[in-house]
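Protein chains: 2
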Amino acid sequence: MSLRHALLGLLAEEPASGYDLTGKFARALQRYAWHAKHNQIYPELTRLAGEGLVAVVAEGARGRRTYAITDTGRAELRNWMLHPPDVFVVRNEFVLRMFLLSTLDPDEARALLRPVAEESARELATLRESIDRADATAPPTAAPELSRLVAEYGLRSFQTMHDWALWALDRIDQADGRREP
Amino acid sequence: MSLRHALLGLLAEEPASGYDLTGKFARALQRYAWHAKHNQIYPELTRLAGEGLVAVVAEGARGRRTYAITDTGRAELRNWMLHPPDVFVVRNEFVLRMFLLSTLDPDEARALLRPVAEESARELATLRESIDRADATAPPTAAPELSRLVAEYGLRSFQTMHDWALWALDRIDQADGRREP
DNA sequence: TGCGTCATGTAACGGGTTACATGATTAT
DNA sequence: ATAATCATGTAACCCGTTACATGACGCA
């Protein structure tokens, strides 16, 4: 059950409402870490509050409830972080599709790989920009910015995907006896 | 519903029993593409057979049933492959944990990153070995080996993870004002 | 004969998706 | 006024996990 720990983790940074958290998933987490929508987030927040892991710290307009993590919640999050499972279960539809590329013929494989090369380049540019912006605003002597680490991981992952897609396209061309200028 | 397409894809290569397919998931797919166990695979095969996408082509000892993909099944697989979704939903607990590294202090983050560096190195070595073995046995003028492509993707992904973990450890050390010899 | 592997299943439960549903506030 | 955004929820269904369950075959 990773959703609750994702929520606890986000609330450990700063208090937020279900709506805010939904936005954070959509903007930051869902591209490479975890995906959830409001209809899953709201009931889970209610459950977490019932268990005392989070608490409502403010109520605003339109029924908005701002949650904050409690000490119990922090302890639960810490415990979860410090005890990772031995093996991580992977379920990645993109990689599955790449795995099954061999069921297609070369032209079709190329048609699938080209958008991969393009989209990874776009993601890469977006991430690079937001990292550069963050690096520039933070003072150079700042405390260890641990959140910078995962951004770098994302960056490198998209770079890898991009390089690989270009390599794969090239290899298909060669095996196919064709050359592109 | 990717499981059925994973099964169709594996059966597109060669006929297999539920037991065989369970083994393929455990050995090949589950580390980076898709995960499923026998209790999910057997019922799905029954369903696929009911819909005419696969068919039993042999029955052996101990109730073993060998399935093969049908023309209908091939058409369904092809259609699925050629129509990828606009956005891929990602749910990766490992990356989520890296995302939440910033909720820990530097010593704890280091303790989590060290095994990452080690395990990715091991995975890398295993994959490299099996790729080299496959490259060596295949004739150099062989037809486009599309299945070689995803192996390369796995290789590069683990390399990226490894390099990143070492970089992250180093960066934490620096920010922490410490040096390791 | 007994252990390991091959081989297949069922049932209950929990997590995640799709679809449905409502209403307040703010900006134009 | 009215559209966009903010803000929260419920219910049915499907997929995946955990636990339970059984038995045949091959080898030492």
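One line per chain: the protein sequences are A and B, in this order.
Residues 19 to 199 in our numbering are what the first sequence lists, from first letter to last.
Residues 19 to 199 in our numbering are what the second sequence lists, from first letter to last.
Ideal Cβ placement from N, Cα and C applies to all residues, glycine included.
Query: Ala24(B): contacting residues in chain A (beta-carbon distance under 9 Å); Result: Leu114, Phe117 and Leu118
Query: Reduced DSSP category for Val75(B) - H, G, I as helix; E, B as strand; rest coil; Result: strand
Query: Whole-Å CB distance - Leu29(A) paired with Ile87(A), under 8 Å assumed; Result: 4 Å
Query: Contact set between Arg109(A) and chain B, taken where Cβ atoms lie within less than 7 Å; Result: Trp52, His53 and Arg109
Query: DSSP-derived helix/strand/coil call for Tyr85(A); Result: strand
Query: Element boundaries [alpha helix (DSSP H), containing Thr121(B)]; Result: It is not in any alpha helix (DSSP H) - Thr121(B) carries neither H nor E in the DSSP assignment.
Query: Buried or exposed by the 16-neighbour rule on C-beta atoms within 10 Å, applied to Asn57(A); Result: exposed
Query: Proximity of Phe176(A) and Leu142(A) at Cβ, strictly below 8 Å; Result: yes
Query: Identity of the residues DSSP links to Ser35(A) by a beta bridge; Result: Thr84(A)
Query: CB of Ala183(A) within 8 Å of CB of Val105(A), strictly; Result: no
Query: Local Cβ density within 10 Å of Asn110(B), reported as buried at 16 or more and exposed below that; Result: buried
Query: Cβ contact check for the segment 78 to 85 of chain B and the segment 33 to 47 of chain B: 3 or more pairs under 8 Å; Result: yes
Query: Top-ranked residue by Cα proximity to Gly172(A), from Arg146(A), Thr155(A), Arg151(A) and Ile190(A); Result: Arg146(A)
Query: Pro61(B), enclosing alpha helix (DSSP H) - first and last residue; Result: His56 to Gly68
Query: Gln48(B): contacting residues in chain A (beta-carbon distance under 8 Å); Result: Val107 and Val108
Query: Of the residues His180(A), Leu95(A), Thr144(A) and Leu47(A), the one placed nearest Arg22(A), counting alpha carbons only; Result: Leu95(A)
Query: C-alpha gap between Gly70(B) and Thr90(A), whole angstroms; Result: 53 Å
Query: Within chain B, the residues that Val168(A) reaches when beta carbons sit closer than 7 Å; Result: Met116, Phe117 and Leu119
Query: C-beta neighbour in chain B for Ala186(A), strict 8 Å; Result: yes
Query: Where the alpha helix (DSSP H) containing Val113(B) begins and where it ends; Result: Glu111 to Phe117
Query: Coarse secondary structure for Gly91(A), derived from DSSP in three states; Result: helix
Query: Any chain A beta carbon closer than 8 Å to Gly81(B); Result: no
Query: Minimum Cβ-Cβ distance from Gly27(A) to chain B less than 8 Å; Result: yes
Query: Burial state of Leu63(A), where buried means 16 or more other Cβ atoms lie within 10 Å; Result: buried
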